[in-house]
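Chains as they are written, first to last, in our numbering: chain A, 1 to 330; chain B, 331 to 692. From the three backbone atoms N, C-alpha and C, an ideal C-beta is built for every residue, glycine too. Note that the coordinates shown come from a computational prediction; the quantities given were computed from them, not determined experimentally. I have placed the structure first, in the form of structure tokens, so that the comments after it can refer back to it.
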Amino acid sequence: MSEMFYWQALNRAMDAEMAADETVLTLGEDVGLYGGTYRVTEGLMAKYGEWRVRDTPISENSFTGLGVGAAMLGLRPVVEIMTINFALFAMDAIVNMAAKIPFMSGGQFPMPLTIRMPGGVAKQLGAQHSQRLEHMLMNVPGLRMVVPATPQDAYWQLRQAIRSDDPVIVLEHELLYFSKGRVDEMVPAPPIHQAVVRRRGRDITCVAYSRMLPLALQAAETLAAEGIELTVIDLRSLSPIDWNTCIAAVEQTHRCLIVEEDCRFAGAGAEFAATLQEHCFYLLDAPIRRLAGMDIPTPFNGTLEAASIPRADDIVQAARQMMARKEAAR
Amino acid sequence: MRFCRKKAMDKTQMAAMLRDMLRARAFEEAAAQAYAQGHIAGFLHLYPGEEAVAVGVLHAAEPGDYVVSTYREHVHALVRGIPARQIMAELHGKKTGISGGMGGSMHLFDKDRRFLGGYAIVGETFPIALGAGYAVAYRKLPEAVLCFFGDGAVNQGTFHESLNMAALWKLPIFFICENNHYQIGTEIHRHSAITEVYKRACAYGIPAEKADGMNVIAVHEAAERALERIRAGEGPQFLELETYRYRGHSMADSGSYRPNAELNAYQANDPIAAAVHEAEYPYPGIEAVAAASANSVTRFADHCCQEGHLDDATVERMRREVQEEVADAVTFAEQSAAPDMEDAWKAFHRNRRFETLMEVAR
Ligand SMILES: Cc1ncc(C[n+]2csc(CCOP(=O)(O)OP(=O)(O)O)c2C)c(N)n1
Ligand SMILES: [Mg+2]
């Protein structure tokens, strides 16, 4: 058990899987000599050589497709796409190939492919470099997608992804790479798709993932001081979603607040809200509420950028409003 | 001494190019400083070392031509005539910026000056230029579209797809490869099977040339030739310019993966020092003559005969003036107001004619 950065946890996971299984390889822009844009592949080229740690040209569509083809022959490629914004060039490989081949072949070809990439709003990277596209990939049957929020999950979910025979998107977050946390490399992790309750409280179930999780926990602290108790669920996986954990929590609190960095319109949270209300409608004391990114390309200006996605304070406000309505209804 | 040209260049044009190179260097160094002071955030990709490319090419272009560039585009914008104030303000995310503070360093746009944008996704400049070229050809206009891109970008599928279509339909596109030998940390021999980029154009039957991207006059001449052919209706042209960036890929990158010897060699070949030298140095000094081979002496002698020259004082004055211009741009940027959310929504709705739909709470 040791304290480490999120990027280090990913690096350790890569190393562990590469050491354990020689069919595991990684490729992407600057993953080798440079050691990875966010240092995730640091040291791996020296240890495993260039056939297992391959620096690629800027050819996202084809090197992601390479991952698909190699997986069909039984390798376990871990494709790093520098950021999710560039994955738009690789959508054909991801959506038409990786997600479809196992099914179209009647199950003959498993797809032990992992695609790692960070998404999210970072610090003034502009509209083309600040996207949250998880909703697009959630809508593609055949893909799995995990969204680790802590170094511990980054470590274990990446290892599980590499071992999975399904194509798995590991959606990292640019602002989480330098967050720190304890990683236990011995204790086996919960199943790859399982949601985890990070905090229990009686009033509102707050559903969050990725970088919104630390914000939700921070807001929960503030709210606890004023007597509003949040249950905070870390989804950990966006495809599939562990509905049981969510439903059980909402059944206890009768209120649900969804927090996502994704844009609101047809975003990931729309799916959470729709499915949860189908299951929990009669137990809800209030409409499910969504806090999400504004439906606007991310402005470059720093203040506007910050205002375009939920902040801890927005979560606090929303929770207060939900509870005020409860008081008023009495 | 490094410059040898068939055609004499106009003295004022030479002075104008030198001034733009000095402006470019001063602008980028001021941006780096503002970044270090925390006034500029995000990615900041700077151009020092590559000035001869943008300056040589853009001085050969006409105001009616279109320019498409990448995220390393401040200098293209500056040389194209966008005021330093508006570029600097955009880098600062201010309302007075050329994109209203919505785009930032990587997304400068100026419709009036036909600057079709800086693009942050590598490989996007090709299809944008393709579409612009199509529109120009569609209207049978004499304009050209200048498409800038790096050596790393030619491995994107859009490069090949766009070159093919440009050649197929004879579109008036000038493809300009700024070959600085690096795709962030990956040196060209490790990212490209063919490292002489211009050779790739022959796969599509596009006439291609390679020129010394550290030599503004060589760049300018090659660009003029290409643009002439485009205007003569000969279809797309390709120019590879070998150059070097002195800084890291962006301010977030130290560039430490590059051998010192390599950096030093290119710094010795500084396009600005060379241009200053070219512009102000009428006769070779004794050491220069002694150090040069017979061939370069003749070349330089030829050159000296053909050209007029500037003097030290003029260059010094230029340096002072560009420093003042850039300092003024920085002050302007710092003192400008930031946009508010209302401005962002206005930018978003501007072309939707401000239709109003049901407001949904966040
Ligand atoms: C599609 C895409 N992939 C990756 C990146 C990340 N990236 C930004 S610049 C760059 C290198 C580009 O090199 P080059 O084309 O030579 O231009 P230079 O920066 O050297 O001017 C990379 C990989 C990106 N912006 N877009
Ligand atoms: Mg380059």
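- The residues Val652, Gln653 and Val656, in chain order, have a CB closer than 6 Å to that of Ala356/B in the same chain once the five nearest residues on each side in sequence are set aside.
- Placement of the Cβ of Gly120/A at a distance of 6 Å or more from every heavy atom of ligand 1 is found.
- When rounded, the separation of the alpha-carbon atoms in Gly65/A and Leu113/A is 10 Å.
- Interface residue (Cβ-Cβ distance to chain B less than 7 Å): Gly126/A is classified as such.
- Distance check between Arg530/B and each of Arg520/B, Gly515/B and Gln567/B places Gln567/B closest, using alpha-carbon atoms only.
- Met436/B has a beta carbon lying within less than 7 Å of a beta carbon in chain A.
- For the segment 586 to 608 of chain B, the beta-carbon criterion of a distance under 7 Å to any beta-carbon of chain A is satisfied by Tyr587.
- For Ser522/B, the C-beta contacts it makes with chain A under 9 Å involve Pro57, in order along the chain.
- If you look at Asn244/A, you'll find it isn't in any beta strand (DSSP E); it sits in the alpha helix (DSSP H) that goes Trp243 to Thr253.
- A Cβ closer than 7 Å to some heavy atom of ligand 2 marks a residue here, and those residues are Gly480/B, Asp481/B, Gly482/B, Glu508/B, Asn509/B, Asn510/B, His511/B, Tyr512/B and Gln513/B.
- Checking the DSSP bridge columns, you'll see Gln567/B partnered with Phe504/B.
- For Gly461/B, there are no C-beta contacts with chain A under 8 Å, since the nearest C-beta of that chain is about 17 Å from it.
- Under the DSSP assignment, Ala292/A falls in the beta strand (DSSP E) whose first and last residues are Arg289 to Gly293.
- Counting C-beta atoms within 10 angstroms of its own C-beta, Phe281/A has fewer than 16 neighbours from the protein chains shown and is therefore classed as exposed.
- If one requires a minimum length of 3 residues, the beta strand (DSSP E) runs lying completely within the segment 355 to 413 of chain B are 396 to 400, in chain order.
- The beta carbon of Pro299/A sits closer than 7 Å to some beta carbon of chain B.
- A straight-line Cα-Cα distance of about 24 Å links Gly433/B and Val385/B.
- Annotation: Ile547/B to Val387/B spans about 10 Å, alpha carbon to alpha carbon.
- Close partners of Val452/B in chain A (Cβ separation under 7 Å): Ile58.
- Within chain B, the residues placing a beta-carbon under 8 Å from that of Ile296/A are Ala674, Trp675 and Phe678, ordered along the chain.
- Inter-segment contact for the segment 407 to 418 of chain B and the segment 567 to 586 of chain B is absent: fewer than three beta-carbon pairs are separated by less than 8 Å.
- Counting only runs that start and end inside the segment 261 to 309 of chain A, the alpha helix (DSSP H) elements of at least 4 residues fall at 268 to 280 and 302 to 307.
- At least one heavy atom of ligand 1 lies less than 6 Å from the C-beta of Phe86/A.
- Sequence-distant Cβ neighbours of Val405/B in its own chain, meaning closer than 8 Å and more than five residues away, are Ala354, Phe357, Glu358, Tyr377, Glu380, Glu381, Ala384 and Val385.
- Check the Cα spacing between Ala19/A and each of Arg159/A, Met91/A, Arg144/A and Val79/A: the tightest is with Arg159/A.
- The C-alpha of Ser130/A lies about 20 Å from the C-alpha of Ile94/A.
- DSSP places Phe479/B in no alpha helix (DSSP H) but in the uninterrupted beta strand (DSSP E) bounded by Val475 to Gly480.
- Contact between Ala319/A and Leu257/A is confirmed by a C-beta separation of about 6 Å, below the 8 Å threshold.
- Residues of the segment 152 to 185 of chain A with a C-beta atom less than 7 Å from some C-beta of chain B do not occur.
- Cα atoms of His279/A and Ile288/A: separation of roughly 12 Å, rounded to the nearest angstrom.
- A direct Cα-Cα distance of roughly 37 Å separates Val250/A from Met82/A.
- Phe63/A is not a Cβ neighbour of Leu10/A, given a cutoff of 7 Å.
- With a cut-off of 8 Å on Cβ pairs, the segment 443 to 456 of chain B is in contact with the segment 482 to 501 of chain B, counting three or more such pairs.
- Taken atom to atom, the span from the alpha-carbon of Met72/A to that of Ile162/A is near 14 Å.
- The way I'd put it, the segment 134 to 154 of chain A does touch the segment 227 to 236 of chain A; three or more beta-carbon pairs between them come closer than 8 Å.
- The shortest C-alpha to C-alpha distance from Ala459/B to any of Tyr396/B, Pro669/B, Ile370/B and Asp440/B is the one to Tyr396/B.
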